[in-house]
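Going by this note's numbering, the first residue of the sequence shown is number 2, and it counts up by one from there. Structure first, then comments.
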Amino acid sequence: MFFKSRYILEFSKPKREVLENIEKDIFQGFSNYFGKSFTGKISENGFKIKLMGGSDSPTFKGNFILNRDNEESFELSVGFEYYEVLLYLVFLSFILLLIIKSYDGNFYLIPIYLAILGFIIFSGYFRLRKKKSLFFDYLKNFDRNCEIIHIK
Numbered sequence: 002m003f004f005k006s007r008y009i010l011e012f013s014k015p016k017r018e019v020l021e022n023i024e025k026d027i028f029q030g031f032s033n034y035f036g037k038s039f040t041g042k043i044s045e046n047g048f049k050i051k052l053m054g055g056s057d058s059p060t061f062k063g064n065f066i067l068n069r070d071n072e073e074s075f076e077l078s079v080g081f082e083y084y085e086v087l088l089y090l091v092f093l094s095f096i097l098l099l100i101i102k103s104y105d106g107n108f109y110l111i112p113i114y115l116a117i118l119g120f121i122i123f124s125g126y127f128r129l130r131k132k133k134s135l136f137f138d139y140l141k142n143f144d145r146n147c148e149i150i151h152i153k
């Protein structure tokens, strides 16, 4: 995963209930589309999911672990898969190719291209933050006492 951020989630509800709640919100086919929030898979100890609605959603991947007090907490990684980053790199290299090809000694188009590139990068960053916020809001709605701790 690229651009990965890690979190520890401490739920007040049991592991089975948390995983079942997420599993019932996973889209698995066209017939059960309505009211679903995620695509992905659930295992007996964790999940790997994406939010529905757009291909630019980061991957939420994690597992339940035992902490120092022998209590279960959830270790969550949020980031983009390798192929998603590769698509962005291909797109950015295409823009760079346009910049180089249009360069004829004049600099008047370069600031426009750089502004477009900056806009794309910043909009991707803010979309990532919004998707994380939506996922954490979903968890908070399910378990009001859920603690989300960012690991640096």
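All C-beta atoms in this analysis are idealised placements derived from N, C-alpha and C, irrespective of residue type, glycine included.
Query, Result
"Can you check which of these residues, Ile101, Arg69, Glu24, is closest to Lys51 by C-alpha distance?", "Glu24"
"From Arg130 to Gly80, what does the alpha carbon distance come to, in whole angstroms?", "11 angstroms"
"For Ile66, write down the residues that DSSP places opposite it in a beta bridge.", "Ser74"
"Examine chain B for any beta-carbon lying closer than 8 angstroms to the beta-carbon of Gly125, and answer yes or no.", "Absent here is chain B; the protein component of the structure consists of one chain."
"Where do the N-terminal and C-terminal ends of the alpha helix (DSSP H) with Leu110 fall, by residue?", "Unbroken run through Leu110: none, as it is neither H nor E."
"Measure the C-alpha to C-alpha separation of Ala98 and Glu82 and round it to an integer number of angstroms.", "It is worth fixing the name first, because residue 98 is Leu in this sequence and not Ala. Going from the Cα of Leu98 to the Cα of Glu82 covers about 25 angstroms."
"Give every residue of the same chain whose Cβ lies closer than 6 angstroms to the Cβ of Asp57, excluding the five residues on either side of it in the sequence, and list them in chain order.", "Arg128"
"Compare the Cα-Cα distances from Tyr84 to each of Lys132, Glu11, Ser6, Thr60 and report the closest residue.", "Thr60"
"How big is the Cα-Cα spacing for Asn64 and Leu140?", "15 angstroms"
"Using a Cβ-Cβ cutoff of less than 6 angstroms, which residues in the same chain neighbour Glu11 once the five nearest sequence positions on both sides are dropped?", "Ser74, Glu148"
"Could you have a look at Lys133 and say whether DSSP puts it in helix, strand or coil?", "helix"
"Can you tell me whether Gly47 is buried or exposed? The criterion is at least 16 other CB atoms within 10 Å of its CB, across all chains shown.", "buried"
"What's the gap between the Cα of Ile113 and the Cα of Phe95?", "15 angstroms"
"Pick helix, strand or coil for Ser94, following the three-state DSSP scheme.", "helix"
"Starting from Ile23 and walking both ways along the alpha helix (DSSP H), at which residues does that stretch end?", "16-25"
"How big is the Cα-Cα spacing for Glu45 and Ile117?", "44 angstroms"
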